[in-house]
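Peer 1:
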Amino acid sequence: MKIFCYGVLSVEEPYAQAWGKANHVEVGTTSSELSADNAELAKGYNGVSSKGITPVTEGAYATFEKFGIKQLAIRQVGVDNQDLVAASKHGITLTNVASYSPRAIAEMGVTQAMYLLRHIGVYQERMAAGNFAWDGSTISTEIFNCTVGLIGAGHIGGATAQIYSALGAKVLTYDPFYDAALEPYTTYTDLETILKEADIISLHTPLLPSTKNIIDAAALKKMKANAILINMARGELIDTQALIDALKAKEIAGAGLDTLANEVGFFRLKKPYAETPKDFQELNAMSNVVITPHVAFFTKLAVKNGLEIALNDAKTIITGGRSRHAVN
Ligand code: NAD
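Throughout the sequence shown, residue numbering follows my numbering, covering 1 to 328 in sequence.
#1: Tell me which same chain residues have a C-beta within less than 6 Å of the C-beta of THR152, skipping the five on either side of it?
#2: Go ahead and pull the three-state DSSP assignment for GLU58.
#3: Would you mind stating whether TYR185 and SER165 have Cβ atoms separated by less than 8 Å?
#4: So, at 6 Å on beta carbons, what are the nonlocal neighbours of TYR115 in its own chain, with the 5 sequence-adjacent residues on each side left out?
#5: Would ALA253 pass as a contact of ILE228 if the rule is Cβ separation under 8 Å?
#6: I'd like to know if the region 34-49 and the region 57-75 are in contact, where contact means that at least 3 CB-CB pairs between them fall below 8 Å.
#7: Among residues of its own chain, excluding the 5 on either side of GLU308, which ones have a beta-carbon nearer than 6 Å to its beta-carbon?
#8: On the three-state DSSP scale, how would you describe GLU26?
#9: Of all the options ALA104, ASN288, GLN241, which has the alpha carbon lying nearest to the alpha carbon of GLY121?
#10: Contact between the region 144-160 and the region 269-284 is defined here as three or more beta-carbon pairs at a separation below 8 Å; is this criterion met?
#11: What first and last residue would you give for the alpha helix (DSSP H) that runs through LEU117?
#12: Does at least one heavy atom of the ligand NAD sit under 7 Å from the Cβ of GLY52?
#13: For the region 316-327 and the region 70-85, state whether three or more C-beta atom pairs, one from each stretch, are separated by less than 8 Å.
Rendered as structure tokens:
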């Protein structure tokens, strides 16, 4: 059996080859993300896998169909760059990896919150200017004295609830889907209460019409002046200009962002700083904002799990089985 993988990161390569050896499968790889232009690379392979954000159009699925390929195993959660209808039309079953390491993303959110809570960015900016003094403006709070508000508590929000709970924080959750398994770690409440009471607000919902700009100017105005906003989910959950305005007006105390609404086109790429979006530059210049380029998932375990779960699905479908991770 032969499986071809697109969009393979250098850190994925050893896991890909180890999986191939253990499963007696020849694994071919390219770092290029899948598109209709490079689907031909899969010629002679029994199955395919991909990862990335490049839009995949019908031509890619048509090429796979021509080669007798029946599946495409996506090594990530998001399939928003795929055309599920076109894939079905060409008999391609798409699978995704809905959960590869929720702790990876949860830990990045907590890390950014603690960085902001202890004003580390402010100290770094001051020290770079030769100012090693400190004053009342940076006096902090211990995490066990904080109220954390989670908006969305599925895989990642649930893992986040467990970490904050273990640190002694009071954890409130707003999620229309109640999960009894999280009761030991959090108290379910409404969105208003979270906005008004939380010292740290952490976003973990998918991007949906109901969650787009869930943090807008009105929501920001309801938050406490000491509130820290963390977004590990999708940039579009926040109205970016409203966030910039709220930070400038000191309506909230800081923001930790692993995603931005306009990140496609520069996150994960090398790009001259001057060519990055102005709102990114404005946020990045603030010492009470920390931004990372959509890397919350990027741990060894997450990369390994993402690859192995996807390739196991590919093998299952190639050999005539069904995957519970099918998305079309
Ligand atoms: P999940 O599906 O397990 O959980 C999402 C939760 O959000 C669910 O419990 C759902 O009920 C809840 N929800 C839906 N609509 C809501 C609303 N209007 N208000 C409040 N809660 C709502 O998803 P997950 O695995 O926890 O991932 C969450 C998001 O994190 C993903 O959709 C993705 O956008 C993002 N993500 C980011 C990274 C990264 O590296 N930064 C990696 C993986 C996922």
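Cβ atoms here follow ideal geometry from the backbone N, Cα and C, with glycine treated the same way.
Peer 2: Put simply:
#1: For the sequence presented, residue 152 should be read as Gly rather than Thr. Excluding residues within five positions, the ones whose Cβ falls inside 6 Å are ASP175, HIS204, THR205.
#2: DSSP, reduced to helix, strand and coil, places GLU58 within a helical segment of the structure shown.
#3: For TYR185 and SER165, yes; Cβs fall inside 8 Å.
#4: Cβ neighbours of TYR115 beyond the five flanking positions: VAL290.
#5: yes
#6: Using a C-beta cut-off of 8 Å, the region 34-49 makes contact with the region 57-75, since at least three inter-stretch Cβ pairs fall below that distance.
#7: Once the five neighbours on either side are set aside, the close Cβ partners of GLU308 are TRP19.
#8: strand
#9: ASN288
#10: no
#11: Element bounds for LEU117: 102-117.
#12: No.
#13: yes
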